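Going down the list, the sequences are from chains A and B.
No gaps in the numbering here: position 12 of the first sequence is 12 in the working numbering, and each next residue is one more.
No gaps in the numbering here: position 88 of the second sequence is 203 in the working numbering, and each next residue is one more.
All remarks here apply to the structure that follows.
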Amino acid sequence: GAGVSQSPSNKVTEKGKDVELRCDPISGHTALYWYRQSLGQGLEFLIYFQGNSAPDKSGLPSDRFSAERTGGSVSTLTIQRTQQEDSAVYLCASSLGGSTTDTQYFGPGTRLTVL
Amino acid sequence: AQSVTQLDSQVPVFEEAPVELRCNYSSSVSVYLFWYVQYPNQGLQLLLKYLSGSTLVKGINGFEAEFNKSQTSFHLRKPSVHISDTAEYFCAGMDSNYQLIWGAGTKLIIKP
């Protein structure tokens with residue numbers, strides 16, 4: 001399909017393990033966002049990539065969280081030494097241009113459960 | 116603090132009745148405002164956005180929202196809802212770093 005895809009759709013892990021979440025943005029979209037959605041709460045911004053510029057990491061909650069975007073396309077969000085409070089749905093979105101007023105297109109999310 | 120507040124976590128309404136989903140933003144949030152919708156088992160999609168110009172913004176599926184600067188509100192309305200409008204609706208604004216900040220969402224429940 002032509003939309004944003006994320007994998008896995010569900011991930012269950014044990015406390016202390018590392019996890020990697022993947023996002024494939026829409027082809028040609030230069031901007032990519034990661035958000036976290038905890039139960040009963042709105043989306044929380046994590047990180048933003050725009051083209052070849054340095055990413056905006058201002059939303060990452062701790063140094064256990066990191067993300068990279070290879071070749072301006074696929075992105076991986078890594079959470080090291082997972083904690084139970086990391087349990088949430090992790091959403092990826094992409095947009096065509098560099099303005100954050102551009103429409104963001106969202107993937108279906110990865111539901112992370114830390115036991 | 117920058118915030119977007121959705122006052123209702125759930126709004127039940129009868130089919131074909133009008134609906135209003137409320138959204139207020141703090142004055143420190145920029146006046147770029149958005150409504151996104153998440154249908155069951157689907158990803159978020161943009162419903163409408165206000166960037167500038169007319170304060171009444173029309174979106175997809177018959178929804179509209181009105182930007183009210185004096186009341187710092189951006190309420191979403193539809194004159195007649197359908198069962199297919201069952202979804203969760205999220206209001207968002209832009210912070211000083213040009214990132215979206217989101218309300219907690221409102222679940223629209225359509226009663227037959």
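Glycine included, every Cβ here is placed at the ideal spot set by N, Cα and C.
The model shown is predicted, which means the values in this text are computed figures rather than measured ones.
Span of the beta strand (DSSP E) around B/Gly-208: 202–209
Buried or exposed by the 16-neighbour rule on C-beta atoms within 10 Å, applied to A/Ser-95: Around the C-beta of A/Ser-95, 16 or more other C-beta atoms lie within 10 Å, and the residue is accordingly described as buried.
Classification of B/Asn-139 by the beta-carbon crowding that lies within 10 angstroms, buried from 16 upward: buried
Rounded separation between A/Gly-59 and B/Pro-155 - CA only: 27 Å
Where the beta strand (DSSP E) containing B/Val-144 begins and where it ends: No residue range can be given for B/Val-144, since it is assigned to no beta strand (DSSP E) and is classified by DSSP as neither H nor E.
Proximal residues of chain B, C-beta to C-beta of A/Gly-59 below 8 Å: What A/Gly-59 touches in chain B: Gln-214.
Within chain B, the residues that A/Gly-42 reaches when beta carbons sit closer than 9 Å: Under a criterion of Cβ atoms nearer than 9 Å, the residues of chain B adjacent to A/Gly-42 are, in order, Val-119, Gln-121, Phe-205, Cys-206, Ala-207, Ile-216, Trp-217, Gly-218, Ala-219, Gly-220.
Simplified DSSP state of B/Asn-176, which is helix, strand or coil: helix
Contacts of A/Asp-56 in chain C (Cβ-Cβ under 8 Å): Within the model displayed, chain C is absent; protein chains A and B are what it includes.
Residues that B/Asn-156 bridges to, as DSSP identifies them: None; B/Asn-156 has no bridge partner.
Cα-Cα separation between A/Arg-111 and B/Ser-141, rounded to whole angstroms: Linking A/Arg-111 to B/Ser-141 through their CA atoms gives a straight-line distance of about 30 Å.
Proximity of A/Thr-113 and A/Val-12 at Cβ, strictly below 9 Å: yes
Residue burial classification, B/Phe-129 (beta-carbon count within 10 angstroms, cutoff 16): By the neighbour-count rule (16 or more Cβ atoms within 10 Å), B/Phe-129 is not buried but exposed.
B/Ala-207, buried or exposed, once every other Cβ within 10 Å from all chains shown has been counted against 16: buried
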